[in-house]
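Note that the sequence shown covers residues 1090 to 1414 in the working numbering.
For each residue, glycine too, the CB sits at the ideal point set by N, CA and C.
The structure under discussion appears below in the form of structure tokens.
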Amino acid sequence: MAAPPRPRLLWLATGGTLAATGRGIAYHAGALSPEALLAAIPEAGQYAELELASPFAMDSKDATPHHWLRLHAAITQALARPELAGLVLSHGTDTLEETATLLALTLAPTKPVVLTGAMRPPSEAGADGPRNLLHAIRLAADADTPPGVFLVFGEEIFPALGLRKAHTLALQPFAAEPRGALGTTFPWLLPPIEERPSSLPIPPSWPRVALLAATALDAPEALRQAQETGAAAAVLLLPGHGSVPERWEAAIADATASGLLVVRASRCGLGPVLLHPVDERLGTLPAGILSAPAARVAAALVAPFPREEHEPLWRARFLPYGASP
Ligand code: DAS
């Protein structure tokens, strides 16, 4: 009897440690071809028939909006192809949360789009890339996986929104707000998830979003300077739970009154930034589930909209915590 047809997937390979040559921490990201990587996981053929494409191969630390746009276009085209059941996107871990945020907010996918990567080059003992890639292929091919943007990494399945790389070296460097991983790959477990597709337009020109630290050594004038040099939004990297130093308050209130979108994010690696009375007073938006880099992507996407439109959207998507404390 002929074997049943396997779902067809497109794997967009963009490099990262998953495709690195070399050993230790001084490896060369993105040097191996997807064909060579696939040869290391023959089991992948059980789950899917794979089509390979590599729009670029790089270390994701070098990513710019130009790369995001190329990926967005490639994925949009692939989603329109009825013969494809889903997509896998391999990506360096360093800036994966920005790409994941962009895709989650702009694609409204009709199929699973599964990101993955690695923390160890393939030539290292205990390399995690082959396993992560195999799990991403399986998740994208699984008929029970809902449409949406996901990350599979270190035997866990994460949502794209709320994702952050929270460790520089650990084999599981990712965490997600508000509730951590959605599921696991051992055992294979993905409980039903509520999908909230979002199809924000990609701005015709990428607005400038400043990322400003507010440590003891930083001065609030940075906010005015950002505005004077054309920023449409600013993400503040604040202490603790996005706590605003008193000496910054007047500058923030002036900036928001003159139309700058100002987001309170935290310099802590983990944890949410919730709505706080200071937001009412200063006109800021809390980062909610978003890390500072992810909040910067979100701010760039919503900044072109008037505040009465972007504020409800921001609250609905990034503050899934119910009433403010
Ligand atoms: N520098 C990294 C990158 O490409 C390595 C990684 O993939 O983790 O993001």
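Where residue i falls: helix, strand or coil (DSSP)
{"i": "Thr1165", "result": "helix"}
{"i": "Gly1175", "result": "strand"}
{"i": "Thr1373", "result": "coil"}
{"i": "His1117", "result": "strand"}
{"i": "Ala1323", "result": "strand"}
{"i": "Thr1153", "result": "coil"}
{"i": "Pro1366", "result": "helix"}
{"i": "Thr1110", "result": "strand"}
{"i": "Glu1244", "result": "coil"}
{"i": "Arg1170", "result": "coil"}
{"i": "Arg1356", "result": "coil"}
{"i": "Pro1414", "result": "Low confidence applies to Pro1414: its pLDDT is 43, below 50, so where it sits in the model is not reliable, and the reading given next is rough at best. DSSP places Pro1414 in coil when its eight states are reduced to three."}
{"i": "Leu1349", "result": "coil"}
{"i": "Ala1092", "result": "coil"}
{"i": "Gly1105", "result": "coil"}
{"i": "Met1147", "result": "strand"}
Boundaries of the beta strand (DSSP E) in which residue i is found, first to last residue
{"i": "Trp1403", "result": "Counting along the chain, Trp1403 falls outside any beta strand (DSSP E), though it belongs to the alpha helix (DSSP H) covering 1396-1407."}
{"i": "Leu1099", "result": "1097-1102"}
{"i": "Leu1252", "result": "1252-1254"}
Any non-hydrogen atom of the ligand DAS closer than 7 Å to residue i Cβ
{"i": "Thr1182", "result": "yes"}
{"i": "Gly1111", "result": "no"}
{"i": "Asp1217", "result": "no"}
{"i": "Thr1106", "result": "yes"}
{"i": "Ala1129", "result": "no"}
{"i": "Gly1243", "result": "no"}
{"i": "Ala1207", "result": "yes"}
{"i": "Ala1118", "result": "yes"}
{"i": "Lys1200", "result": "no"}
{"i": "Asp1148", "result": "yes"}
Endpoints, alpha helix (DSSP H) assigned at residue i
{"i": "Ile1341", "result": "1338-1346"}
{"i": "Glu1124", "result": "1123-1128"}
{"i": "Gly1134", "result": "1133-1136"}
{"i": "Pro1382", "result": "1381-1391"}
8 Å contact criterion, which residue i and residue j should meet: CB distance rounded
{"i": "Leu1349", "j": "Ala1320", "result": "7 Å"}
{"i": "Ala1346", "j": "Leu1312", "result": "Going by Cβ atoms, the distance from Ala1346 to Leu1312 rounds to 12 Å, so no, they are not a contact pair."}
{"i": "Leu1240", "j": "Ala1163", "result": "Actually they are not in contact, since the Cβ atoms of Leu1240 and Ala1163 sit about 18 Å apart, beyond 8 Å."}
{"i": "Ala1225", "j": "Thr1205", "result": "4 Å"}
{"i": "Leu1252", "j": "Ala1189", "result": "5 Å"}
{"i": "Val1298", "j": "Val1324", "result": "6 Å"}
{"i": "Gly1119", "j": "Ala1109", "result": "7 Å"}
{"i": "Leu1099", "j": "Ala1142", "result": "6 Å"}
{"i": "His1180", "j": "Gly1105", "result": "6 Å"}
{"i": "Pro1248", "j": "Ala1265", "result": "6 Å"}
{"i": "Pro1296", "j": "Pro1393", "result": "7 Å"}
{"i": "His1161", "j": "Thr1195", "result": "6 Å"}
{"i": "Leu1223", "j": "Ile1130", "result": "5 Å"}
Q: Enumerate, from N- to C-terminal direction, the unbroken alpha helix (DSSP H) stretches of 4 or more residues contained entirely within the segment 1189-1230.
A: Listed in chain order, the complete alpha helix (DSSP H) runs (minimum 4 residues) inside the segment 1189-1230 are 1218-1230.
Q: Would you mind listing the beta strand (DSSP E) stretches within the segment 1259-1317 that are 3+ residues and don't spill past its ends, in chain order?
A: Scanning the segment 1259-1317 for uninterrupted beta strand (DSSP E) segments of 3 residues or longer gives 1263-1265, 1272-1274, 1298-1302, listed from N- to C-terminal end.
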